[in-house]
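Participant:
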Ligand SMILES: Cc1ncc(C[n+]2csc(CCOP(=O)(O)OP(=O)(O)O)c2C)c(N)n1
Ligand SMILES: [Mg+2]
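Here it is in structure tokens:
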């Protein structure tokens with residue numbers, strides 16, 4: 778099974794290394810990882826897709842992540858309503874009119890964009906839910922993909938709940954998470970806003 | 041005030057209350073050593089003989105006192121020599137700050153002379169670490185390092201400081217005010233719902249048992265633990281690092297649990313209907329096979345590190361908080377309870393334990409057995425010494441035959457099992473607690489891993505006693521070979537130096553003991569010497585630590601001492 782975690786971390790050198798190293802030494806597997814800025818210059822955001830063999834795995838890694846001093850907040854979005862976005866740049870061989878027509882039609886159908894056209898190749902960009910991106914790629918495959926780059930997933934929970942740079946309240950989070958769990962409720966690991 | 045980075049380091053250490061540091065100089069840390077000349081009236085520097093020793097000394101200092109231990113080393117090999125000591129401290133949650141020199145900023149990443157990626161190397165063995173790239177952040181970073189080391193679940197923190205940052209000069213203003221770490225807020229109190237759930241389990245239990253660990257002492261919860269146990273009349277089993285959490289003579293204490301724990305404690309855990317785990321982490325050396333571990337019990341786990349809850353053992357109520365705080369919340373709400381039948385059962389087991397596993401002590405066979413030595417050191421020090429052990433059979437015998445009455449009186453590498461820890465840790469402990477009588481109880485193997493610190497002990501004329509339990513073997517490994525590898529003794533017999541001559545070469549008085557009759561006199565002699573003294577006990581080579589739960593076996597599946605060796609009447613410190 779795959780789990781989707783989002784972590785807010787301090788924007789400091791070495792933080793990415795700490796997070797990745799944690800997954801390695803605790804023998805958890807990362808499927809994809811994206812890191813980028815947030816609206817706060819001192820906070821970065823990571824979306825981590827991980828393989829979870831056992832039901833408790835995501836919870837365990839969240840607890841370990843919290844032990845990293847630079848990790849401010851972690852949400853488990855796996856079972857939450859959320860927006861996922863994957864972006865792909867795909868370079869296709871388009872040497873004749875037919876293939877150029879095909880690519881125009883596919884991109885239109887999938888809501889993708891042609892971002893560069895050369896004499897022999899076209900680069901298209903698609904953004905969307907990973908499934909959507911996947912099926913677009915499958916359609917293009919017969920045409921001959923020359924090169925492809927994907928960003929990996931970024932996710933955001935829907936609704937007013939937000940991740941915020943943790944004040945004292947939201948950092949009491951781990952206690953809350955354990956507490957709910959011990960009362961038999963399932964919990965997604967967010968204290969929310 | 042204009043200060044160099046090097047001076048700022050010392051200023052900050054003084055403000056953290058540091059009065060002694062353990063270290064070893066070298067090129068990349070030389071500016072800091074040079075600046076030390078100005079601070080020798082306030083900070084004593086102990087020159088070790090190997091940086092591993094510095095870390096174990098800082099660790100022993102911290103374990104014995106609860107204060108943060110400090111070790112200093114140069115870049116490259118100096119820093120890498122610290123890795124074992126950091127890992128040891130990390131596993132046992134010792135508050136420690138290590139300061140290392142680093143090559144100058146512009147040389148970082150160029151494979152400069154004595155450059156090592158120290159923050160990279162030590163990342164998994166520190167609670168946190170820093171590379172200081174801006175002198176303006178130096179003081180704040182050191183403050184933060186001490187804060188992180190000593191709060192929450194304590195641990196070692198390393199601060200790597202490039203040489204040019206040490207040399208730079210700035211206007212120094214000590215950063216007062218709160219430490220802001222949005223990602224670090226150790227928990228304190230328990231949630232009401234969890235307290236209620238725990239109280240219900242406690243009330244319903246017929247056969248409860250407390251598992252007390254290192255967290256009791258680190259949280260300063262000794263009194264709260266005793267109150268809790270007395271009100272609810274709950275027996276207590278201790279982890280090895282939990283020893284000292286409560287006077288082991290207390291009638292509610294069953295003994296140590298785990299691989300070489302007392303059989304009675306393991307039996308009680310397996311039979312219990314409620315485990316109350318307080319500041320311990322269900323290490324595999326205490327659980328054995330987790331599948332069959334305490335199968336019929338509900339479980340409460342109070343632990344400051346949330347990642348430990350449900351990590352190895354699934355529990356019914358996990359309480360993430362500071363143990364002393366949580367117990368202070370719980371205790372006033374407890375009702376007096378009794379568990380008489382349960383106690384009778386435990387006492388039966390305990391009597392059986394004392395008869396079966398504790399042996400040789402009454403046999404007047406003219407031989408010197410290691411347990412004799414430990415039990416007699418216990419006796420002749422009135423059970424009041426701070427003991428620091430190394431790792432191996434002697435360590436387990438110490439745990440079995442030297443009951444501790446007070447917290448912070450047993451220093452031992454539990455989680456990492458680091459040979460070479462015992463002797464330097466004893467030196468550190470004596471610096472922290474000069475009024476205490478300190479004994480290093482070490483194996484002939486492990487002692488040789490850090491014996492270079494004999495020179496440090498002599499140079500400092502530190503008043504500790506060293507007891508080498510010399511069985512001419514890597515005894516614990518030999519035990520495994522005997523039990524699980526069909527007595528194929530490979531790479532465990534040792535040809536040792538003459539330890540008495542060796543000590544004397546360092547200018548340290550020493551004696552060799554070969555019979556039980558000599559022990560009392562030797563212990564008294566060592567105690568009378570003002571400065572380090574060494575006793576070499578030449579003990580039986582083929583003894584075995586009983587009972588033993590083989591690695592990964594069920595906790596109740598203990599190998600007990602063969603009954604024909606059993607004898608009862610001797611002055612066993614553990615006797616009921
Ligand atoms: C640094 C290190 N290397 C290896 C080991 C594995 N080991 C555990 S106990 C032991 C034997 C210890 O021998 P000694 O110090 O003579 O103590 P004894 O068991 O004989 O009391 C060894 C080699 C270890 N724990 N630490
Ligand atoms: Mg030995």
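Residue numbers (our numbering), protein chains in the order written: chain Y, 778 to 970; chain B, 41 to 616. Note that CB positions come from ideal geometry on N, CA and C, so glycine has one too. Values in this document were obtained by computation on a predicted structure and should not be read as measured data.
(1) Are there 16 or more other CB atoms within 10 angstroms of the CB of residue 76(B), so buried, or fewer, so exposed?
(2) Helix, strand or coil: which one does DSSP assign to residue 479(B)?
(3) Taking any Cβ of chain B, which residues in the region 801–829 of chain Y have a Cβ under 7 angstroms from it, in chain order?
(4) If contact is defined by three or more beta carbon pairs under 8 angstroms, each pair taking one atom from either stretch, is the region 181–199 of chain B in contact with the region 50–59 of chain B?
(5) Could you check the C-alpha separation between residue 947(Y) and residue 222(B) for me, to the nearest Å?
(6) DSSP beta-bridge partners for residue 786(Y)?
(7) Using alpha carbons as the reference points, say which of 383(B), 280(B), 214(B) and 266(B) lies closest to residue 456(B).
(8) Interface residues of chain C around residue 223(B) at Cβ under 9 angstroms?
(9) Nearest by alpha-carbon distance to residue 558(B): which of 393(B), 543(B), 204(B) and 575(B) is it?
(10) Enumerated in chain order, which unbroken segments of the beta strand (DSSP E) with a length of 3 residues or greater are wholly contained in the region 422–475 of chain B?
(11) Could you tell me which of 256(B), 477(B) and 464(B) sits nearest to residue 99(B), measuring between CA atoms?
(12) Would residue 156(B) and residue 119(B) qualify as a contact pair, given that the criterion is a beta-carbon distance under 8 angstroms?
(13) Using a Cβ-Cβ distance under 8 angstroms, would residue 798(Y) count as near chain B?
(14) Less than 8 angstroms between CB atoms is the rule here; does residue 350(B) satisfy it with respect to chain Y?
(15) Name the chain Y residues that come within less than 7 angstroms of residue 188(B), Cβ to Cβ?
(16) Using the three-state DSSP reduction, which class does residue 62(B) fall into: helix, strand or coil?
(17) Distance cutoff 8 angstroms, beta carbons only. Does residue 795(Y) sit that close to anything in chain B?
(18) Please list the partners that residue 925(Y) has in chain B, where partner means a Cβ-to-Cβ separation under 7 angstroms.
(19) For residue 888(Y), return the contacting residues in chain B, with the cut-off set at a CB-CB distance below 7 angstroms.
(20) Under a three-way DSSP split, which group does residue 961(Y) fall into?
(21) Under the three-state reduction of DSSP, which class applies to residue 170(B): helix, strand or coil?
(22) Kindly say whether residue 168(B), judged by its beta-carbon, lies nearer than 8 angstroms to any beta-carbon of chain Y.
(23) Can you give, in chain order, each stretch of the alpha helix (DSSP H) that sits fully within the region 245–306 of chain B and has at least 4 residues?
(24) Can we say the region 386–395 of chain B touches the region 66–76 of chain B, given the rule of at least three CB pairs closer than 8 angstroms?
(25) For a contact meaning CB atoms closer than 9 angstroms, what does residue 345(B) contact in chain Y?
(26) For a cutoff of 8 angstroms on Cβ pairs, would you count residue 181(B) as touching chain Y?
(27) Roughly how many angstroms lie between the CA atoms of residue 945(Y) and residue 186(B), to the nearest whole one?
(28) Report buried or exposed for residue 258(B), applying the criterion of at least 16 other Cβ atoms within 10 angstroms of its Cβ.
(29) Cβ of residue 513(B) versus every heavy atom of ligand 1: is any distance shorter than 7 angstroms?
(30) Just the Cα atoms here: how many angstroms apart are residue 113(B) and residue 136(B)?
(31) Grouping DSSP H, G and I as helix and E and B as strand, with all else coil, what is residue 797(Y)?
(32) At a Cβ threshold of 8 angstroms, is residue 934(Y) touching chain B?
(33) Under 8 angstroms Cβ-Cβ, which residues of chain B neighbour residue 837(Y)?
(34) Around the Cβ of residue 290(B), are there at least 16 other Cβ atoms within 10 angstroms (buried) or fewer (exposed)?
(35) Would you mind working out which of 483(B), 383(B), 494(B) and 411(B) sits nearest residue 516(B), comparing C-alpha positions?
(36) State yes or no: is the beta carbon of residue 292(B) nearer than 8 angstroms to at least one beta carbon in chain Y?
Facilitator: The answer reads as follows:
(1) buried
(2) strand
(3) 802
(4) yes
(5) The pLDDT assigned to residue 947(Y) is 40, lower than 50, so where the model puts this residue is not dependable; a value taken from the coordinates is nonetheless given after this. Those two C-alpha atoms are separated by around 10 angstroms.
(6) 821(Y) and 848(Y)
(7) 280(B)
(8) Among the protein chains of the structure shown, namely Y and B, there is no chain C.
(9) 575(B)
(10) 426–429
(11) 464(B)
(12) yes
(13) yes
(14) yes
(15) 846
(16) strand
(17) yes
(18) Under the 7 angstroms cutoff, chain B gives no residues; its nearest Cβ is about 32 angstroms from residue 925(Y).
(19) Simply none; closest approach about 38 angstroms.
(20) Annotation note: pLDDT 36 at residue 961(Y) (below 50); position unreliable, no value reported.
(21) strand
(22) yes
(23) 254–258 and 262–272
(24) no
(25) 840 and 844
(26) no
(27) Confidence is the limiting factor: at residue 945(Y) the pLDDT is only 38, short of 50, which leaves the residue's position unreliable and the question unanswerable from this model.
(28) buried
(29) yes
(30) 14 angstroms
(31) helix
(32) no
(33) 347, 350 and 351
(34) exposed
(35) 483(B)
(36) no
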